[in-house]
Amino acid sequence: MRAVRALITIGVASFFLLVAAPTMFVNPPWPYTGVHYESATVLQKDVTVGVDSGSPAYHAGLRTGDVVGCLSLVDFQFLFPFFPAIVPYTGSPVRVCARHGSSAWHAVTFVPKRMPPPGLFYNTPLFAALRIAVYTLFLLVGCALVMARPGAMTWLFFGYCLASMPDATSMGMLITLPSPAYTFITAVTAGTIELGAPVLALFALTVPADMPPAGWRNILFRIIAVVAVLIAVSVIVSPATSLRGILQTNGDETFTAITIAIVIVRLLTMERHERARFAWAAFAIIFGVLVNDARNVLPNDAVSTACGYLTIVMPLCLLYAILRRHVIDVRFVLSRAVVYGIVTTLVVVVIGVVDWATSVYLSEVRAALAIDGAVTIGLGLALHRFYGWIESTVDALVFRKKHEAAAYLRRAARAILRARDERTVDVALVEGPVEKLDLTMATVFRSDGTSYSAASAAGWDLPRKLTFAPGSELTRFLEAERACVAISDLRRHVTAEFIEAGALPAVAIPVFRGDDLLAFAIYGLHRDGTQLDPDELDALEHLCESAAQAYIMVELNRYQRPVTVSLPAMETP
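Take 3 as the starting number for the sequence shown in this note's numbering and just add one per residue.
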């Protein structure tokens with residue numbers, strides 16, 4: 003199933019990237035028809051047009067005020083492109099039917115006039131490459147979340163990542179494809195883009211769970227889902243004459259307001275520790291929906307393009323929320339190595355795009371091969387030189403405190419072997435982790451032969467009354483798995499016992515002496531409400547392994563101490 007999921011996500015993401023990326027670097031001549039909007043119905047089936055005097059359409063017999071119909075998707079894009087001057091010239095004739103006033107319909111055919119290239123929509127290849135890099139980051143984050151935490155929530159975010167594609171140039175340049183292929187790609191991409199706003203609203207209702215709980219969130223989720231289905235059906239049935247007349251007027255703004263309201267209401271109704279955990283994700287959602295809305299509706303090309311670049315803030319903030327705040331629980335697959343892999347992959351992707359762009363724009367130069375090789379080697383050396391900087395930057399921004407804590411726990415694991423009594427081991431298992439990892443609590447439960455009782459605690463009062471029998475559910479799971487056990491994975495009564503004692507633990511880590519469960523340590527969440535990540539759990543498990551050896555050595559030292567025996571004095575004869 004994981005392989006199928008990988009094929010689906012990577013395949014779909016690659017399709018959207020291949021649709022968007024190559025066309026952004028093409029700068030062909032464009033067609034001039036002389037036709038523009040005068041007015042249109044909501045569904046754009048019959049369009050009243052204006053016609054420039056002396057244009058190809060004018061010479062074919064069209065006049066201002068004529069009503070144009072019978073438009074195929076390709077002809078519609080020639081006459082009324084999404085953005086001016088980004089449709090390439092193909093030399094193909096445009097065939098329409100037209101009528102003036104109440105006269106009968108008649109066929110009109112004309113060939114657009116070839117005009118010089120108007121200039122790249124994104125100004126320069128560098129800006130186009132940056133925009134593609136932003137979109138690639140969206141796709142990488144979306145694919146990673148689906149692979150790490152498959153569920154409705156991550157699939158929704160993946161859909162929003164797809165919807166963030168720079169579609170304007172793609173829908174214009176791909177008009178050179180055969181009509182069936184162009185119609186299919188337009189239907190898929192236009193539908194995905196128009197679904198972006200409602201999908202993000204559904205994601206805001208769902209995160210961090212797979213589905214919203216019962217209540218207002220669940221009801222609103224169903225309503226927005228129905229609207230999204232209607233939008234998808236409308237686009238599939240008629241991509242060029244869909245609900246765009248309505249949606250592009252107020253659809254984005256409506257869903258933007260709904261999404262922001264959802265996030266604000268959720269923040270206001272959350273518990274304090276949940277709000278601290280959700281804050282970065284909330285900022286990412288609000289910023290993302292505002293910038294993406296501005297990108298789609300602002301008439302100024304420069305501002306719209308800048309908003310396209312600023313959308314990169316959303317996936318970066320969401321990554322930060324996952325890495326540092328654990329808003330989405332991906333602890334089973336996310337680690338420091340994965341983060342470095344993602345960062346390195348992003349750098350390699352950027353280098354690849356720059357290398358490809360260099361090859362394309364040096365193709366007319368005689369020394370193109372040598373220059374391209376020099377650029378590639380230079381970029382490779384730069385990557386090698388900057389890798390240490392990248393690693394140190396990621397450490398400083400994301401993992402600095404965690405690395406300091408891990409270094410201390412490694413030293414504590416070595417020092418604990420020098421303990422002289424069990425009490426020293428007990429204290430080392432709880433006080434160091436609570437202080438260095440900023441945990442809410444920690445407790446060691448040690449066996450006295452009949453039950454497991456609290457031997458030492460930090461972050462809460464020592465729970466003398468809380469004990470566990472050797473056959474209890476918690477101890478049975480620890481004995482069976484011989485590894486860290488998440489308390490939330492057990493039945494509710496286990497958590498209820500801790501709540502009654504005044505604590506909410508996160509994990510239990512066993513301490514074994516051979517096959518016997520000698521003790522186990524309970525560790526709580528971080529004080530900001532976030533979960534322990536895999537690297538922190540590895541450090542705590544290593545500390546508990548050293549504690550097991552320390553308990554054994556303390557017991558051996560107790561038996562090996564020399565015993566002084568007093569003998570009665572012998573009488574002299």
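Yeah, the Cβ is synthetic: ideal placement off N, Cα and C, and Gly gets one too.
Owing to the predicted nature of the structure, the values given are computational and were not obtained by experimental measurement.
Cβ neighbours of Glu-406 within its own chain (closer than 8 Å, five residues either side excluded): Lys-438. Bounds of any beta strand (DSSP E) do not take in Met-443, whose DSSP letter is neither H nor E. The beta carbons of Thr-307 and Ser-172 sit no closer together than 7 Å.
Listed in chain order, the non-local C-beta contacts of Leu-527 below 6 Å within the same chain comprise Thr-442 and Ala-508, local neighbours out to five positions each way being set aside. Taken in chain order, the whole alpha helix (DSSP H) runs of length 4 or more contained in the stretch 404–460 are 424–438. In this structure, Val-53 lies away from Val-70, with their beta-carbon atoms at least 7 Å apart. Below 8 Å, enough C-beta pairs join the stretch 166–186 and the stretch 89–107 to call them touching: three or more. It is roughly 22 Å from the alpha-carbon of Phe-289 to the alpha-carbon of Thr-532. The three-state secondary structure of Val-113, taken from DSSP, is coil. Non-local beta-carbon contacts of Val-201 in its own chain, meaning distances under 6 Å to residues more than five positions away in sequence, involve Leu-158, Gly-161 and Tyr-162 in chain order. When rounded, the separation of the alpha-carbon atoms in Thr-497 and Ile-262 is 35 Å. Its chain contains Pro-90, Tyr-91, Arg-116, Met-117, Pro-118 and Pro-119 as the residues whose beta carbon lies nearer than 8 Å to that of Pro-31, once the 5 sequence neighbours on both sides are disregarded; these appear in chain order.
Going by beta carbons, Glu-475 and Leu-464 fall outside the 7 Å limit. Listed in chain order, the non-local C-beta contacts of Tyr-60 below 7 Å within the same chain comprise Gly-36, Val-53 and Asp-54, local neighbours out to five positions each way being set aside.
Within the model, the alpha-carbon separation for Ser-104 versus Phe-112 is close to 23 Å. The shortest C-alpha to C-alpha distance from Ala-211 to any of Val-329, Arg-413 and Leu-542 is the one to Val-329. A Cβ-Cβ distance of about 6 Å is found for the pair Ala-100 and Leu-64, placing them in contact under the 8 Å criterion. When secondary structure is reduced to three states using DSSP, Trp-107 falls in the coil class, being assigned neither helix nor strand. Judged by DSSP in its simplified three-state form, Asp-68 adopts coil rather than helix or strand. Counting along the chain, Trp-157 sits inside the alpha helix (DSSP H) bounded by residues 154–165.
When DSSP reads this structure, Val-293 sits in no beta bridge, so it has no partner. Relative to the Cα of Ala-523, the nearest Cα in the group Thr-452, Ala-430, Phe-18 and Asn-29 belongs to Ala-430. In the three-state reduction of the DSSP assignment, Pro-58 falls in the helix class, which pools H, G and I. Per DSSP, reduced to three states, the secondary structure at Tyr-39 is strand. Rounded to whole angstroms, the gap between the alpha carbons of Gly-434 and Pro-317 is 34 Å. Leu-520 and Ala-456 have their C-alpha atoms spaced approximately 13 Å apart.
Just so you know, the alpha carbons of Gly-56 and Ser-94 end up roughly 19 Å apart. Non-local C-beta neighbours of Phe-479 in its own chain, meaning closer than 6 Å and more than five positions away in sequence, comprise Val-487, ordered along the chain. By the criterion of a C-beta distance shorter than 7 Å, Arg-484 is surrounded in its chain by Pro-512 and Phe-514, once the five residues flanking it on both sides are discounted.
Residue pairing of Ile-288 in beta bridges, as defined by DSSP: absent, with no partner found. Excluding the 5 residues flanking it on each side, Arg-219 has same chain C-beta neighbours closer than 6 Å at Leu-207, in chain order.
Going by beta carbons, Ala-459 and Val-436 fall outside the 7 Å limit.
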